[in-house]
Amino acid sequence: MQQVPDPSGSDVPAEAAALVSGAVANPDDSQDRAHQAGAVGAATALVSATDSAASARSALPGVLVDVPVGVLVIDQRAGTVVYANTAAVELAGNVSLPVAIDEWGTSAGLTDLSGQPLESTGSPLSVVAEGTPVAGEAVRLGPRGQREELTLWVTGFPLSQDAEDEQLALVVFLQIDGARGDADPDARMQALRDRAVLATDICFTITDPRREDDPLVWVNPSFTRVTGYTAEESVGRNCRFLQGPATDRAKVAEIGRALDQRQVVTETLLNYRKDGTAFWNQLSISPVFDGSGELVSFVGVQTDVTERVRVEGERAAAFAAEQTARREAEVAQAVAEQARADAETAREDAEVAQNRLALMAEATSSLTATLDRTELLDRLADLCVPLLADWIFVTVVDAYGTVEETAGRHRDGLADELRAISAQHAMHLTPGSPSRQAMERRQPVLIEQMTSDRLDDVFAHSVTRAAYDRLGGHAVLAVPMIARRRVLGSLALVLTDDERGFTTEDTELVQDLARRAAMALDNVRLYQAEHEVAETLQRSLLPELPEIAGVQAAAHYVSASTAADVGGDFYDLLELPDGAIGVAIGDVVGHDVAAAAAMGHLRGLLRACMWGATDPDPGSVLGRVDRLVQGLHVASMATMAYVRAVPPAGEGQPWQLVVADAGHPPLLLRYPDGRVEVLSQAHGLLVGVDGATRRTSVHLEVPAGTTLVGYTDGLIEQPGADLDEGIAALVQRLVDAPADALPVDVCARAVDTALDRRDDIALIAVRFG
Numbered sequence: 190m191q192q193v194p195d196p197s198g199s200d201v202p203a204e205a206a207a208l209v210s211g212a213v214a215n216p217d218d219s220q221d222r223a224h225q226a227g228a229v230g231a232a233t234a235l236v237s238a239t240d241s242a243a244s245a246r247s248a249l250p251g252v253l254v255d256v257p258v259g260v261l262v263i264d265q266r267a268g269t270v271v272y273a274n275t276a277a278v279e280l281a282g283n284v285s286l287p288v289a290i291d292e293w294g295t296s297a298g299l300t301d302l303s304g305q306p307l308e309s310t311g312s313p314l315s316v317v318a319e320g321t322p323v324a325g326e327a328v329r330l331g332p333r334g335q336r337e338e339l340t341l342w343v344t345g346f347p348l349s350q351d352a353e354d355e356q357l358a359l360v361v362f363l364q365i366d367g368a369r370g371d372a373d374p375d376a377r378m379q380a381l382r383d384r385a386v387l388a389t390d391i392c393f394t395i396t397d398p399r400r401e402d403d404p405l406v407w408v409n410p411s412f413t414r415v416t417g418y419t420a421e422e423s424v425g426r427n428c429r430f431l432q433g434p435a436t437d438r439a440k441v442a443e444i445g446r447a448l449d450q451r452q453v454v455t456e457t458l459l460n461y462r463k464d465g466t467a468f469w470n471q472l473s474i475s476p477v478f479d480g481s482g483e484l485v486s487f488v489g490v491q492t493d494v495t496e497r498v499r500v501e502g503e504r505a506a507a508f509a510a511e512q513t514a515r516r517e518a519e520v521a522q523a524v525a526e527q528a529r530a531d532a533e534t535a536r537e538d539a540e541v542a543q544n545r546l547a548l549m550a551e552a553t554s555s556l557t558a559t560l561d562r563t564e565l566l567d568r569l570a571d572l573c574v575p576l577l578a579d580w581i582f583v584t585v586v587d588a589y590g591t592v593e594e595t596a597g598r599h600r601d602g603l604a605d606e607l608r609a610i611s612a613q614h615a616m617h618l619t620p621g622s623p624s625r626q627a628m629e630r631r632q633p634v635l636i637e638q639m640t641s642d643r644l645d646d647v648f649a650h651s652v653t654r655a656a657y658d659r660l661g662g663h664a665v666l667a668v669p670m671i672a673r674r675r676v677l678g679s680l681a682l683v684l685t686d687d688e689r690g691f692t693t694e695d696t697e698l699v700q701d702l703a704r705r706a707a708m709a710l711d712n713v714r715l716y717q718a719e720h721e722v723a724e725t726l727q728r729s730l731l732p733e734l735p736e737i738a739g740v741q742a743a744a745h746y747v748s749a750s751t752a753a754d755v756g757g758d759f760y761d762l763l764e765l766p767d768g769a770i771g772v773a774i775g776d777v778v779g780h781d782v783a784a785a786a787a788m789g790h791l792r793g794l795l796r797a798c799m800w801g802a803t804d805p806d807p808g809s810v811l812g813r814v815d816r817l818v819q820g821l822h823v824a825s826m827a828t829m830a831y832v833r834a835v836p837p838a839g840e841g842q843p844w845q846l847v848v849a850d851a852g853h854p855p856l857l858l859r860y861p862d863g864r865v866e867v868l869s870q871a872h873g874l875l876v877g878v879d880g881a882t883r884r885t886s887v888h889l890e891v892p893a894g895t896t897l898v899g900y901t902d903g904l905i906e907q908p909g910a911d912l913d914e915g916i917a918a919l920v921q922r923l924v925d926a927p928a929d930a931l932p933v934d935v936c937a938r939a940v941d942t943a944l945d946r947r948d949d950i951a952l953i954a955v956r957f958g
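Offset between the sequence shown (1-based) and this note's numbering: plus 189.
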């Protein structure tokens, strides 16, 4: 359970309202005396904080001004009303004070229940002024303007007990519904009493500290309504039965200490109703003493403030600002005249907290949205300035502590000064640098005031010291960025305004941000390391196209893997020993590192079969590859197309192409005039399906300037479309290219579309002649 102070500062008015419920609670004589004692005790607690009755007069109005019942303070000796709160002014109108008691009653239009003026029947106001408590009496309030006739319940009692002091009395008016249809006067009076009790939601209790465990001896009906426990279930028990698992034990202990010291105490606790539901309970307890000074009872006033706590809690959007708002609310309770200013401050702090909460959400989404370290550092700096600091410097180090990269941001720009810090200081951090200290200690380093001596320890060069002076700064907070037990760098936040400083909440917030940034940085580090491995593997698996006389070639590769730029698709171009040219394109089932490894083996087998074939026919070459794949278990299945191109026998003669296909998408021929042909006549089973199958080849003659285009199915696959549609779209893109387009331009045209990226893409274009 947590203490939840009331930001409206209504703790003491709740005690004043308790005077009403205490004075009219029950007609039983013994309990009536206890109620009256509780009321006097609560009122005395208000007066006891002042030095005299005169100062009590000034203290009471400040407490009772906004109580939702009419309250008068009466000077007993003068017989005059010396104070009326807002509700009482509404009853009598704007009557100048002080005013005689009966005159005030006449101005308000008060009569008894039969309609007789009070001054002719013994006014309860006069009775109270004479020093006699009035436990409760019903009166009428005549109509005025828009106001209808009302029935009021009047209760009152003296506030002062020292005959030598100024004598004051308190009178409270509570509006209740009349019971005019009841013929029995006693029943009518009892009904009015009951309605007076039920007219307030304030719970009133009395305990007897002279009995073991200080049990409840009386509770009013409001207590039953709020808690769900009947009077029979409550009386005789200590009121701790309202506590539960989330009740703040520190607050309970504080209440216990106050009771042991016989002091007035007010706390807000999380209590539980009989049905188990929780509610916030604002509790005020006052000790009551008899004439000889003996403690006879404790009077408790309880108010359900759950709704108020919920609304205030919604405004407090983060822990740090919530604590600030609570402290300011407590100040507002103690200093009523500052309540409005403090409430405004609390709202501003809540907005700051909401902004900081939004910062954490934005940091998570922004920092994890990029795998580029420089961009990540820039985003981090933008998040911090100006929300958290006036300027920031971010340092990234390698595994040996050497600075690798920096980033800075100042709310006023000052890019030249930041570059000077980066070039002259950040790359050679001194032992006195807060950033270096934070990384070495793995703990935040807070410098509340950057003195001249401290700056001399931080900056080794006059150039960087001058740059810092231009940037400005009196307070520095350096926080290490640690992820997976490794220090990756530090954040150094600087404030230039002497009126500002870094709080504990600021430090915790920056630590949280640094952890998120470090994890994002480490993800970038791991990605880059994996990417470098992938690039190395990629370069080893996919060859650089050789320069061959009479041939122009270009290739393109796109991996579907998000972990590494490698996959199972491949291409190859080879000048064979007999002067022919071999062109191959293939696709191993799968598109990940495992597929890439299988592809490397398969490409090696194909090259060996192409180079040393006893029968150079492409069908025979693919057949041999098929048998080796199945015998050596190189790959599960793969598609492949192989073309053997024989240069012309003489000037003006055509190229001779021999094509064999093992389940691969048909190759394309782009003739010198821009026309494109689909080589659908070459086809066969996938490699790895049947090693005994006999593969055939297709022989073609093509003019010089013809471009052969081989591709894998990732280029022609689109969601919701079949492969024929994808091939037709690819053909159209190639037709739309200029007739004299070079192979590199042909590749660019081929991939100039919205790629599905769910499969790898390999593409090779070879122009003959």
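Idealized CB from N, CA, C, for every residue including glycine.
It should be emphasised that the depicted structure is a prediction, and the values quoted were computed from it without experimental measurement.
Short Cβ contact (8 Å threshold) for residue i with residue j
i, j, result
"Gly899", "Leu856", "yes"
"Tyr860", "Pro837", "no"
"Gly775", "Ala827", "yes"
"Val586", "Met616", "no"
"Glu719", "Ile737", "no"
"Gly298", "Leu330", "yes"
"Val454", "Ile474", "yes"
"Asp911", "Asp948", "no"
"Arg568", "Leu710", "no"
"Asp579", "Thr685", "yes"
"Leu556", "Val592", "no"
"Ala681", "Phe582", "yes"
"Val823", "His853", "no"
"Val494", "Thr457", "yes"
"Thr584", "Ser624", "yes"
"Ala773", "Ala830", "yes"
"Arg536", "Leu484", "no"
Beta-carbon contacts of residue i that lie in its chain and below 8 Å, excluding the five residues immediately before and after
i, result
"Gly482", "none"
"Arg819", "At residue 819 the sequence reads Gln, which differs from the Arg that was named. Result list for Gln819: Gly877, Gly880, in chain order."
"Asp767", "Pro805"
"Asn544", "Leu576"
"Arg938", "Arg922, Leu923, Asp925, Ala926, Ala930"
Neighbourhood of residue i by C-beta distance below 7 Å, restricted to the same chain and skipping five residues each side
i, result
"Val288", "Thr269, Val270"
"Ser247", "Confidence in Ser247 is poor, its pLDDT being 42 and thus under 50, which makes the residue's placement unreliable; the coordinate value appears in the next sentence. If we look at Ser247 and ignore the five residues flanking it on each side, it has no Cβ neighbours."
"Arg429", "none"
"Glu353", "Because Glu353 sits at a pLDDT of 46, beneath the cut-off of 50, its placement in the model cannot be relied upon, and the point is left open."
"Thr413", "Thr419, Ala420"
"Trp293", "Val270, Ala281, Val284"
8 Å contact criterion, which residue i and residue j should meet: CB distance rounded
i, j, result
"Val865", "Val924", "5 Å"
"Leu280", "Gly259", "5 Å"
"Arg598", "Ala570", "4 Å"
"Leu307", "Ile263", "No, Leu307 and Ile263 are not in contact; Cβ-Cβ is about 14 Å, not under 8 Å."
"Pro398", "Phe478", "In fact, because the Cβ distance is near 11 Å, the residues do not count as touching under 8 Å."
"Gln471", "Thr492", "5 Å"
Residues of its chain near residue i, where Cβ-Cβ distance is below 6 Å and the 5 sequence neighbours each way are ignored
i, result
"Pro250", "With a pLDDT of only 46 at Pro250, under 50, the local geometry of the prediction cannot be trusted, and the value read off the model is given with reservation. Answer for Pro250: Tyr272, listed in chain order."
"Gly812", "Arg884"
"Leu261", "Val270, Ala273, Ala277, Val360"
"Ser197", "Bear in mind that a pLDDT of 32 at Ser197, under 50, signals an unreliable position, so the model cannot answer this."
"Ile905", "Leu912, Gly915, Ile916, Leu919"
"Leu889", "Leu846"
Does the region 629–636 touch the region 572–579, meaning 3 or more C-beta pairs lie closer than 8 Å?
no
Determine contact between the region 436–447 and the region 412–422, defined as no fewer than three beta-carbon pairs at a distance below 8 Å.
no
Between the region 642–658 and the region 666–680, do at least 3 Cβ pairs fall closer than 8 Å?
no
Do the region 395–409 and the region 453–463 make contact, defined as three or more Cβ pairs closer than 8 Å?
no
Suppose only complete runs of 3+ residues qualify. What are the beta strand (DSSP E) ranges in the region 589–639, listed by chain order?
592–599, 634–636
Give the list of continuous alpha helix (DSSP H) stretches no shorter than 4 residues that lie fully inside the region 255–313.
275–281, 290–297
Start-end ranges of the beta strand (DSSP E) lying completely within the region 675–718, minimum 3 residues
675–684
At least 3 beta-carbon pairs within less than 8 Å: the region 797–817 vs the region 782–789
no
Suppose only complete runs of 4+ residues qualify. What are the alpha helix (DSSP H) ranges in the region 736–804, listed by chain order?
782–800
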